[in-house]
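See structure below.
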């Protein structure tokens with residue numbers, strides 16, 4: 001059990017309400033937080049606090065909407081820029097509400113802001129307030145053909161990849177649309193050099209009492225430049241600047257009214273690396289990224305968590321010819337059986353596992369299951385999973401340090417003909433697939449399931465009809481529809497009987513996924529079978545009908561006649577009258593069983609004598625030992 005050595009106030013360190021957006025990070029012995037500092041959730045602030053007694057608390061100004069206006073804090077992190085620790089800055093990622101020049105129109109914008117770690121506030125202006133606070137916009141949009149972009153302005157989550165270069169990490173952002181009509185999500189990638197260039201650019205112009213920041217304004221920027229940290233690198237040689245307290249008042253006044261930069265941060269590829277449009281079944285809540293080294297390059301594998309317990313696995317491929325990123329959905333995993341929002345995800349590169357967290361627990365899954373892609377070289381290459389490669393025998397985990405020459409992998413193009421040219425590959429595996437027998441009833445619906453392993457494969461259906469023997473591709477219409485789950489017949493016809501095959505094609509490679517023999521039972525034939533089955537069923541029980549029962553009952557001592565299991569299914573597939581008869585028959589059987597049990601208890605004759613003898617034996621067994629002692633004594637005498 002932990003012992004409490006000291007207690008501190010949590011004000012400014014954590015929110016009053018756990019449902020409020022909140023972010024925090026630690027730099028040295030100081031805690032940087034972005035939260036609502038009051039109980040009512042109105043005082044939004046970025047604060048710095050410390051466990052020491054001599055460290056002062058820094059924060060943004062109270063009730064200043066041009067600094068923070070209805071923010072939703074998402075992420076914060078210390079990102080060093082140089083080798084001088086005095087030049088370190090903490091970056092905050094959030095979304096906020098902006099007001100137009102008319103003072104009425106509002107919009108949401110994704111922001112990135114930063115403050116210097118050694119900011120000590122001003123001497124007469126901005127006392128105990130940030131003097132280096134600046135912010136700019138994060139743009140994540142899909143370019144349109146007419147020059148009008150589709151923007152994703154609500155920031156959902158941020159992931160910073162800094163394993164290779166701590167000073168120049170790669171920033172990934174998960175965005176969503178703000179519109180209540182159009183729903184969409186996107187992932188954009190930003191370079192740290194572009195973020196620093198935006199903060200080194202011009203400042204935005206102010207309108208209407210700081211409520212709106214417009215285009216850049218060409219005016220003289222005082223020295224030292226607002227937003228830059230006082231350090232040996234940023235200061236002039238021989239300058240006597242010991243900190244932000246020695247800044248001139250002109251610098252502090254300029255920083256107070258110019259927190260917004262005019263230049264926005266654009267994504268590195270000019271467009272999202274992945275986006276999804278349309279009303280989703282689940283909303284994306286968090287994500288994480290793994291940088292995977294494959295045989296033909298390094299790829300970003302994105303794991304997207306949802307509010308229904310699912311994780312989407314996506315690989316981002318930067319095409320050299322077009323220069324545009326291509327996103328391929330590799331897998332969709334159901335992590336939690338009970339739908340619950342995924343709050344956080346972490347990847348263990350050493351173990352090759354993904355840890356998924358929710359409000360109720362943590363789950364652990366493998367980042368890849370290569371065996372699920374099939375037992376063929378072509379299927380493994382078409383998967384385009386950077387984690388997997390064909391080793392000559394099976395689809396297994398790819399290891400870049402392995403010296404084995406027989407490794408087939410092509411993530412960028414996914415061409416199985418080049419990678420698997422010398423393999424004993426059969427283009428069509430139809431002869432190996434089993435033929436599934438499917439029965440359908442005329443004028444009823446039937447589904448032939450077909451789901452290829454690859455989510456990028458295009459599916460086509462072919463049929464050979466029984467009535468004429470012709471072969472051809474299935475033509476879809478309102479009655480016959482091709483869905484994600486398979487081929488759906490909304491209303492079967494007798495001529496639909498035949499041999500159906502499902503074919504999946506991708507990158508010129510085609511294979512048969514499933515084979516089905518569809519037998520359509522005519523409705524007239526089914527009704528005749530049901531009538532004959534009903535006559536045979538009613539004849540043995542006609543003589544023992546009881547006036548108390550609304551239908552025929554089985555005789556006492558005789559079990560009801562059993563019938564095959566599919567008879568009940570055929571009854572349900574018939575008309576509504578047959579369905580009522582079937583349900584009524586089931587109700588009569590249940591009533592007969594209940595009445596048979598109750599009648600046997602109160603019946604007379606042989607059954608009553610048997611019951612009486614059982615009661616006597618039961619009483620004999622339950623007697624006390626005292627009643628048994630005299631009899632035992634007589635036998636001894």
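Residue numbers (the UniProt record's numbering): 1 to 637.
Glycine is no exception: its CB is placed at the ideal position from the N, C-alpha and C atoms.
Compute the beta-carbon to beta-carbon distance between residue 178 and residue 108, rounded to the nearest angstrom, for a pair I have assumed lies under 8 Å. 5 Å
Per-residue burial, residue 79 [other beta carbons within 10 Å of its own, 16 or more giving buried]: buried
Does the stretch 258–271 come close enough to the stretch 180–197 that 3 or more CB-CB pairs lie under 8 Å? yes
Assign residue 257 to one of three DSSP states: helix, strand, or coil. helix
Bridge-paired residues (DSSP) for residue 335: DSSP, once it has assigned bridges, lists no residue as partnering residue 335.
Secondary structure, alpha helix (DSSP H): runs of 4+ residues fully inside the stretch 340–395: 377–383
If we count Cβ pairs, one from each stretch, closer than 8 Å, do we get three or more for the stretch 372–388 versus the stretch 339–351? no
Close-in-space but distant-in-sequence residues of the same chain around residue 437 (CB under 6 Å, 5 per side omitted): 517
Per DSSP, residue 114 is paired with what? 91, 134
Tell me the DSSP secondary structure of residue 522 in three-state form. coil
Beta-carbon separation of residue 451 and residue 461 under 8 Å? no
How should residue 366 be labelled, buried or exposed, when 16 other C-beta atoms within 10 angstroms of its C-beta is the threshold for buried? exposed
Taking the alpha helix (DSSP H) that residue 417 belongs to, which residues open and close that run? 416–419
Residue of 275, 318, 419 minimising C-alpha distance to residue 173: 275
One question on the structure: do residue 279 and residue 186 come within less than 8 Å of each other, judged by their Cβ atoms? no
Please name the residue or residues paired with residue 638 in a DSSP beta bridge. Beyond the ends of the chain as shown, which are 1 and 637, falls residue 638; an answer cannot be given.
From which residue to which residue does the alpha helix (DSSP H) around residue 194 run? 192–199
Cβ shell of residue 13 (< 7 Å), same chain only, five flanking positions each side left out: 31, 33, 49
For residue 486, three-class secondary structure by DSSP: strand
Taking the alpha-carbon of residue 24 as reference, which of 73, 4, 40 has the nearest alpha-carbon? 73
Could you give the distance in angstroms between the alpha-carbon of residue 225 and the alpha-carbon of residue 251? 7 Å
If you count every other CB in all the chains shown that lies within 10 Å of the CB of residue 376, and 16 or more means buried, which is it? buried
Within 10 Å of its beta-carbon, does residue 524 have 16 or more other beta-carbons around it, so buried, or fewer, so exposed? exposed
Range of the contiguous beta strand (DSSP E) that encloses residue 299: 297–306
Taking 8 Å as the cut-off, decide whether the C-beta atoms of residue 92 and residue 46 are in contact. yes
For a quick check, are the C-beta atoms of residue 310 and residue 330 less than 8 Å apart? no
Assuming residue 133 contacts residue 67 (C-beta within less than 8 Å), just tell me the rounded distance between them. 7 Å
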